[in-house]
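Colleague:
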Ligand SMILES: Nc1ncnc2c1ncn2[C@@H]1O[C@H](COP(=O)(O)OP(=O)(O)OP(=O)(O)O)[C@@H](O)[C@H]1O
Ligand SMILES: [Mg+2]
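Numbering (our numbering), first residue to last: 135 to 409.
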């Protein structure tokens, strides 16, 4: 049969049930997640999927549950109900080795979370040694590669106190990258930074687009508009609306989405940091 004559239907028919399931499974699947703190329900049924190398941006008002959602995904705060699947493995299954899975999920924190008593390169290499059991020299080499990737080769031997906020955050990103994650979760990675330092961090994140899947909680509307494959608008513990940046910025279905995007765009302007 010539290539032209192979029809999608034929290919589908040839797949066994098992491979079929695998072939159509998203890289990350978040399924009907609920989370309460005490009597207060924070997440009320959140579902979405992500494919390999996709960039998704989550936006929404303060207190909506965006950070809680990220923490439910990597099980820092296990959800009360619902499932999270990574690469076909159910993370939320108590039988899953969560430490093994966490290696595949990078996390970049708003306040960097670096070890202050360790140099930049050591902050990156320590996880490789302790978690991945890579020997010291190889871990150091790999850490240097990742620091170079985020533009910090020259700062490798400086301690966090000797780095700017933007540099610290880039060490945080290098640390996440070094573990070779399937997906990196970013929780407002630039919101603790002085405005003039935000651009460098966003540039590094942009350079990663298409190379690793990124789920980014941010108010940086320029980044969302220009870089995201999809924007997810959350409010009150649910996803209100989601779509491509074009759909969301020019043709959002719900008045509430349009209002929020308008307000956040005015607050955080796109020009300076947008890119
Ligand atoms: N560990 C906790 N214990 C009790 N309540 C919590 C805890 N963590 C978060 N909350 C509450 O859950 C709600 C959602 O918090 P979350 O941090 O997920 O919101 P957010 O959308 O990330 O907000 P922001 O934009 O301000 O970061 C808030 O009302 C918060 O006070
Ligand atoms: Mg938050």
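We put the beta carbon where it would ideally sit given N, CA and C, even for glycine.
This structure is a prediction, so every number in the text was calculated from the model and none was measured.
Taking 7 Å as the limit between beta carbons, can you name the residues of its chain near residue 284, skipping five residues before and five after?
Modeller: Locating residue 284 in the chain shown gives position 150, counting from the first residue. Contacts found: 304, 307, 308 and 338.
Colleague: For residue 280, collect the residues of the same chain with a Cβ closer than 6 Å to its Cβ; drop the 5 residues on either side in sequence, then sort them by chain order.
Modeller: One-based indexing of the chain shown puts residue 280 at position 146. Counting only Cβ-Cβ distances below 6 Å, and skipping sequence neighbours, we find 258, 308, 311 and 312.
Colleague: Quick check on residue 322: buried or exposed, where buried means 16 or more other Cβ atoms within 10 Å of its Cβ?
Modeller: Locating residue 322 in the chain shown gives position 188, where the first residue counts as 1. That one is buried.
Colleague: Does DSSP put residue 383 in a helix, in a strand, or in coil?
Modeller: Locating residue 383 in the chain shown gives position 249, where the first residue counts as 1. In this structure, residue 383 counts as helix in the three-state DSSP scheme.
Colleague: Do residue 372 and residue 164 have their beta-carbon atoms positioned less than 8 Å apart in this structure?
Modeller: Walking along the chain shown from the start, residue 164 turns up at place 30. Walking along the chain shown from the start, residue 372 turns up at place 238. Against a cut-off of 8 Å, the Cβ pair of residue 372 and residue 164 comes out as no contact.
Colleague: For ligand 2, is there a heavy atom less than 7 Å away from the beta-carbon of residue 322?
Modeller: If you number the chain shown from 1, residue 322 lands on position 188. Yes, the beta carbon of residue 322 sits closer than 7 Å to at least one heavy atom of ligand 2.
Colleague: Counting only runs that start and end within the segment 276–303, where is the beta strand (DSSP E) found for 3 or more residues in a row?
Modeller: Runs of the beta strand (DSSP E) inside the segment 276–303: none found.
Colleague: Can you grab the Cα-Cα spacing for the pair residue 378 / residue 343, in whole Å?
Modeller: Position 244 of the chain shown, counted from the start, is the residue given in the question as residue 378. Position 209 of the chain shown, counted from the start, is the residue given in the question as residue 343. Distance between the alpha carbons of residue 378 and residue 343 is about 15 Å.
Colleague: Can you tell me where the alpha helix (DSSP H) holding residue 263 begins and where it ends?
Modeller: Mapped onto the chain shown, residue 263 falls at position 129. Residue 263 -> alpha helix (DSSP H) spans 254–264.
Colleague: Output needed for residue 316: all residues of its chain with C-beta closer than 8 Å, excluding positions within five of it in sequence on either side, in chain order.
Modeller: Along the chain shown, one-based indexing puts residue 316 at 182. Only 161, 162, 186, 220, 221, 238, 239, 346 and 347 meet the Cβ criterion.
Colleague: Give every residue of the same chain whose Cβ lies closer than 7 Å to the Cβ of residue 301, excluding the five residues on either side of it in the sequence, and list them in chain order.
Modeller: Position 167 of the chain shown, counting from 1, holds the residue named residue 301. Excluding sequence neighbours, residue 301 sits near 286 and 289.
Colleague: So for residue 270, helix, strand or coil by DSSP?
Modeller: As a working note, residue 270 is residue 136 in the chain shown. In this structure, residue 270 counts as helix in the three-state DSSP scheme.
Colleague: Using the three-state DSSP reduction, which class does residue 159 fall into: helix, strand or coil?
Modeller: As a working note, residue 159 is residue 25 in the chain shown. Coil at residue 159, not helix or strand.
Colleague: Distance cutoff 8 Å, beta carbons only. Does residue 177 sit that close to anything in chain D?
Modeller: Checking the listed chains, one finds no chain D in this structure; it contains a single protein chain.
Colleague: For residue 216, verify whether its CB is less than 7 Å away from any heavy atom of ligand 1.
Modeller: The sequence position of residue 216 within the chain shown is 82, counting from 1. Not so, every heavy atom of ligand 1 lies at least 7 Å from the Cβ.
Colleague: Answer yes or no: the CB of residue 298 versus the heavy atoms of ligand 4, is any distance below 7 Å?
Modeller: With respect to small molecules bound, the structure shown includes ligand 1 and ligand 2 and not ligand 4.
Colleague: Taking contact to mean at least 3 C-beta pairs separated by less than 8 Å, is the segment 386–399 in contact with the segment 361–375?
Modeller: Yes: at least three Cβ pairs fall under 8 Å.
Colleague: Please specify which runs of the alpha helix (DSSP H), each continuous and at least 4 residues long, are wholly inside the segment 161–248, giving them in chain order.
Modeller: Taking only runs of at least 4 residues, the alpha helix (DSSP H) segments lying wholly in the segment 161–248 are 200–207 and 232–236.
Colleague: Would residue 135 be called buried (16 or more neighbouring beta carbons within 10 Å of its own) or exposed?
Modeller: What you label residue 135 is simply residue 1 of the chain shown in a count that begins at 1. Only weak support exists for where residue 135 lies, its pLDDT of 44 falling under 50; the value from the coordinates is given anyway. Classification for residue 135: exposed.
Colleague: Relative to the alpha-carbon of residue 252, which residue among 261, 244 and 245 has its alpha-carbon at the smallest distance?
Modeller: Position 118 of the chain shown holds residue 252. Nearest C-alpha to residue 252: 261.
Colleague: Let's test the definition: count the other Cβ atoms within 10 Å of the Cβ of residue 355 and tell me whether it reaches 16, buried, or not, exposed.
Modeller: Stepping through the chain shown from its first residue, residue 355 is reached at position 221. The residue is buried, with at least 16 neighbouring Cβ atoms inside 10 Å.
Colleague: Pull up the DSSP beta-bridge partners for residue 337, would you.
Modeller: The residue labelled residue 337 in the question sits at position 203 within the chain shown. In the DSSP output, where bridge partners are listed per residue, residue 337 has none listed.
Colleague: Across the segment 167–175 and the segment 329–338, are there enough close Cβ pairs to call them in contact, namely three or more that are closer than 8 Å?
Modeller: Result no; under three Cβ-Cβ pairs closer than 8 Å.
Colleague: Below 8 Å CB to CB, which residues in the same chain sit around residue 224 once its five sequence neighbours on both sides are set aside?
Modeller: Here residue 224 refers to the residue found at position 90 when the chain shown is read from its first residue. Cβ neighbours of residue 224 beyond the five flanking positions: 217, 218 and 230.
Colleague: If distances are taken between C-alpha atoms only, which option among 254, 277, 274 and 265 comes closest to residue 294?
Modeller: The sequence position of residue 294 within the chain shown is 160, counting from 1. Closest option to residue 294, Cα to Cα, is 254.
Colleague: In angstroms, rounded to a whole number, what distance separates the CA positions of residue 246 and residue 380?
Modeller: Along the chain shown, one-based indexing puts residue 246 at 112. Along the chain shown, one-based indexing puts residue 380 at 246. For residue 246 and residue 380, the distance between alpha carbons rounds to 31 Å.
Colleague: So does residue 211 have its beta carbon nearer than 7 Å to some heavy atom of ligand 2?
Modeller: Position 77 of the chain shown, counting from 1, holds the residue named residue 211. For ligand 2, not one heavy atom lies less than 7 Å from the Cβ of residue 211.
Colleague: Once DSSP output is grouped into helix, strand and coil, what is the label at residue 369?
Modeller: Residue mapping note: residue 369 aligns to position 235 of the chain shown, counting from 1. Residue 369 falls in the strand class under three-state DSSP.
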